[in-house]
Amino acid sequence: DAKTTQPTSMDCAEGRAANLPCNHSTISGNEYVYWYRQIHSQGPQYIIHGLKNNETNEMASLIITEDRKSSTLILPHATLRDTAVYYCIVRVRWGEKLTFGTGTRLTIIP
Amino acid sequence: EAGVVQSPRYKIIEKKQPVAFWCNPISGHNTLYWYRQNLGQGPELLIRYENEEAVDDSQLPKDRFSAERLKGVDSTLKIQPAELGDSAVYLCASSSSGEQYFGPGTRLTVT
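First to last, the protein sequences are chains H and A.
The first sequence begins at 29 in our numbering and counts up by one.
The second sequence begins at 132 in our numbering and counts up by one.
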């Protein structure tokens, strides 16, 4: 699996959009971009995934650049409950192991 | 729908003692994973099961770690004997050709 690079930490004001970047410059053509998050004392939670088109679900939006070397996870209206570590992962398909990095620690400020 | 259940949530043992963790996956999920998460790090896969078959155990330290999923449903991960470096959170996850769902984990402290 390709490796990813994320900022160690970020802050965002409550109610604002949180934009979490991820670099994956060595991503292969058949690898998807996945995002998980881990709230304190809980297991990781799936958020969203995409291949090359932008994706949106009830939790977040995923913007993938045209060259697929980077992506941004957008939480449109951040709440205090969105404080967590966010992991960007690239891998081929469902069922494969998840290779986590150290993620981005997002803190939502009241 | 019940999520992935793990027990115990916390365990404190002395080094050289054995310890076991139990996981009950989401009903119908044929793939089960055990991950280990050290402090400040992301989870790392220890073993993956497809039904009762271990299909990826390359990262499982086989000298002291063992796992089983006898009937293809719940699973047990065992450490014997435990070492100080085994202190971590042990996470179980399950999936059914979709995203992985994680349990809350078992926090192991070896003293």
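C-beta atoms are modelled at their ideal positions from N, C-alpha and C, and glycine is treated no differently.
Residue i - DSSP class collapsed to helix/strand/coil
i, result
"Arg109 of chain H", "helix"
"Asp39 of chain H", "strand"
"Gly57 of chain H", "coil"
"Leu215 of chain A", "helix"
"Gly78 of chain H", "strand"
"Ala198 of chain A", "strand"
"Asp187 of chain A", "strand"
"Cys70 of chain H", "Reading off the sequence shown, one finds Gln at residue 70 of chain H, where the question assumed Cys. The answer is coil: DSSP assigns Gln70 of chain H none of H, G, I, E or B."
"Pro49 of chain H", "strand"
Identity of the residues DSSP links to residue i by a beta bridge
i, result
"Gly236 of chain A", "DSSP output for Gly236 of chain A lists no bridge partner at all."
Cβ of residue i within 7 Å of any chain H Cβ
i, result
"Gly236 of chain A", "yes"
"Leu163 of chain A", "no"
"Glu184 of chain A", "no"
"Glu214 of chain A", "no"
"Pro192 of chain A", "no"
"Gly159 of chain A", "no"
"Phe196 of chain A", "no"
Interface flag, residue i vs chain A, CB-CB below 7 Å
i, result
"Thr132 of chain H", "no"
"Gln34 of chain H", "no"
"Gly129 of chain H", "yes"
Rounded distance between the beta-carbons of residue j and residue i, thought under 8 Å
i, j, result
"Gly134 of chain A", "Tyr232 of chain A", "6 Å"
"Thr237 of chain A", "Arg167 of chain A", "That pair is no contact at about 10 Å."
"Ser218 of chain A", "Val241 of chain A", "5 Å"
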